[in-house]
Amino acid sequence: MNDPERVPPPMNQPYGGYPPSGGMPRPAPIRDYDYPPSGPAPAPRRDRRRDGSGTRRTALFIQTLGDVAAVFLGLWILLYLLDANRSNPFVGFVQGVADWLGWWAQDIFTMDVESLRVLLNYGLPAVIYLLIGHGIATWMRRASDA
Numbered sequence: 022m023n024d025p026e027r028v029p030p031p032m033n034q035p036y037g038g039y040p041p042s043g044g045m046p047r048p049a050p051i052r053d054y055d056y057p058p059s060g061p062a063p064a065p066r067r068d069r070r071r072d073g074s075g076t077r078r079t080a081l082f083i084q085t086l087g088d089v090a091a092v093f094l095g096l097w098i099l100l101y102l103l104d105a106n107r108s109n110p111f112v113g114f115v116q117g118v119a120d121w122l123g124w125w126a127q128d129i130f131t132m133d134v135e136s137l138r139v140l141l142n143y144g145l146p147a148v149i150y151l152l153i154g155h156g157i158a159t160w161m162r163r164a165s166d167a
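The working numbering numbers the first residue of the sequence shown as 22 and each following residue consecutively.
Set out below in structure tokens:
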């Protein structure tokens, strides 16, 4: 034990530098992380959130689409009932968007009173867009919370 050639081993080697049976020390095992990586550094990994925030954003987007559609239809009803100047570019734009959004409901109600006809034929799609947009958004939020 008092051999001068035997020096105490460094502490960072396995088995204290010596194998359990005595004799010569074994070299430390080579690990992949002992060497610097070759080539460019990998891009930082972007973890995806698993908390359903993407589903909630999509639900908010769908709800907003339904709200915007209902706003355009409601705005056209208001402009029509207030007898807005149809040669105005803004009024023409709103009318064009409302016609595009409510094409499927045109002339469902045929009334003699023109203002009531516009109110019903554009109001029905507005209510349906609101119900569908909010209904799908609510369903998506509930599904992401489960």
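All C-beta atoms in this analysis are idealised placements derived from N, C-alpha and C, irrespective of residue type, glycine included.
Values in this document were obtained by computation on a predicted structure and should not be read as measured data.
For the stretch 109-123 against the stretch 92-100, are there 3 or more C-beta pairs whose distance is under 8 Å?
yes
By how many angstroms is the C-alpha of A91 removed from the C-alpha of V118?
11 Å
Short of 7 Å in beta carbon distance, which residues of its chain neighbour I149, apart from the five on each side in sequence? Order them along the chain.
none
G123 beta carbon less than 8 Å from that of N106
no
Tell me the DSSP secondary structure of M132 in three-state form.
coil
Cβ neighbours of S136 in the same chain (closer than 8 Å, five flanking residues each side left out)
Y101 and L102
Can you list the alpha helix (DSSP H) stretches of 4 or more residues lying completely in the stretch 89-136, in chain order?
110-122
Taking S165 and R77 to be in contact with their CB atoms under 8 Å, please state how far apart those CB atoms are, rounded to whole angstroms.
6 Å
Contact under 8 Å by Cβ, D104 with G154:
no
Nearest to A126 (by Cα), restricted to the options V134, L140 and D133:
L140
According to DSSP, simplified to helix, strand and coil, what is Y167?
Correcting the residue identity first, residue 167 is Ala in this sequence and not Tyr. Of the three classes helix, strand and coil, the one that applies to A167 here is coil, per DSSP.
For a test of the three-state rule: what should DSSP assign to P65, helix, strand or coil?
coil
Rounded to whole angstroms, what's the CA-CA distance from L151 to S108? Just pull it up for me.
29 Å
Compare the C-beta of Q84 with all C-beta atoms of chain D and state if any pair is closer than 8 Å.
Chain labels in this structure do not include chain D; a single protein chain is all it has.
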